[in-house]
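J.: Encoded as structure tokens, here's the structure I'll be asking about.
Residue numbers (my numbering): 13 to 160.
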């Protein structure tokens, strides 16, 4: 079913440094430095524990609240099967990850599945009735079926 009710629309900006002639090159991907989070005494006195703190200096897509279940369905993923496929396919290399996810997802779900992976911050816009964002280590990937 491809009705507007079945689709989610995500809006944001997207920028990629281009590479020539489809050459695989991860050198343009940015790895954000990780910094320690310091919690003030005031925060501690208000009952905020270090287990629930998000490091605001990490890339937006890799901010993870400790204890968050990787299998929990949320607004960033509407298919448990796609999520599991992505976690199995993500490696330390974003180029290899995107190819593996693309090949496996197209074989499993049919149609054209777009995949974007990065070690750095990025944002995106797409409309789809099959979509998922997954992070493993420093690599975040987004996969979605093209509509139309």
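Note that the Cβ used here is the ideal one computed from N, Cα and C, for glycine as well.
1. With distances taken Cα to Cα, identify the nearest neighbour of residue 96 among 111, 123 and 117.
2. Taking the alpha-carbon positions, what's the residue 135 to residue 152 distance?
3. Under 8 Å between the Cβ atoms of residue 132 and residue 158?
4. Counting C-beta neighbours from all protein chains within 10 Å, is the total for residue 110 16 or more, i.e. buried, or is it exposed?
5. Could you check which residue in 128, 137, 107 and 108 has the C-alpha nearest to that of residue 146?
6. Mind checking whether residue 86 and residue 149 have CB atoms under 8 Å apart?
7. Give the DSSP bridge partners of residue 148, in chain order.
8. With H, G and I counted as helix, E and B as strand and the rest as coil, what does DSSP make of residue 104?
9. Are the CB atoms of residue 91 and residue 142 nearer to each other than 8 Å?
10. Please name the residue in 144, 160 and 154 whose C-alpha comes closest to that of residue 93.
11. Residue 129 lies in the beta strand (DSSP E); which residues open and close that run?
12. Should residue 155 be labelled buried (16 or more other beta-carbon atoms within 10 Å of its own) or exposed?
13. Using only the alpha-carbon positions, how far apart do residue 113 and residue 137 sit?
14. Would you kindly check if the distance between the Cβ of residue 106 and the Cβ of residue 140 is under 8 Å?
T.: Looking at the atomic coordinates:
1. Of the listed residues, the one whose Cα sits closest to residue 96 is 117.
2. Distance between the alpha carbons of residue 135 and residue 152 is about 11 Å.
3. Result no, Cβ atoms of residue 132 and residue 158 do not sit closer than 8 Å.
4. By the neighbour-count rule (16 or more Cβ atoms within 10 Å), residue 110 is buried.
5. Relative to residue 146, the option among 128, 137, 107 and 108 whose CA is nearest is 128.
6. Cβ atoms of residue 86 and residue 149: not closer than 8 Å.
7. Residue pairing by DSSP places residue 148 opposite 151 in a beta bridge.
8. Note: residue 104 maps to coil in three-state DSSP.
9. Residue 142 sits close to residue 91, with the two beta carbons spaced by under 8 Å.
10. Distances from the CA of residue 93 to each of 144, 160 and 154 were compared; the closest alpha carbon is that of 144.
11. Unbroken beta strand (DSSP E) run through residue 129: 125-130.
12. The Cβ neighbour count for residue 155, taken over all protein chains shown within 10 Å, is at least 16; the residue is labelled buried.
13. Their Cα atoms are separated by approximately 19 Å.
14. Between residue 140 and residue 106, the C-beta spacing is not below 8 Å.
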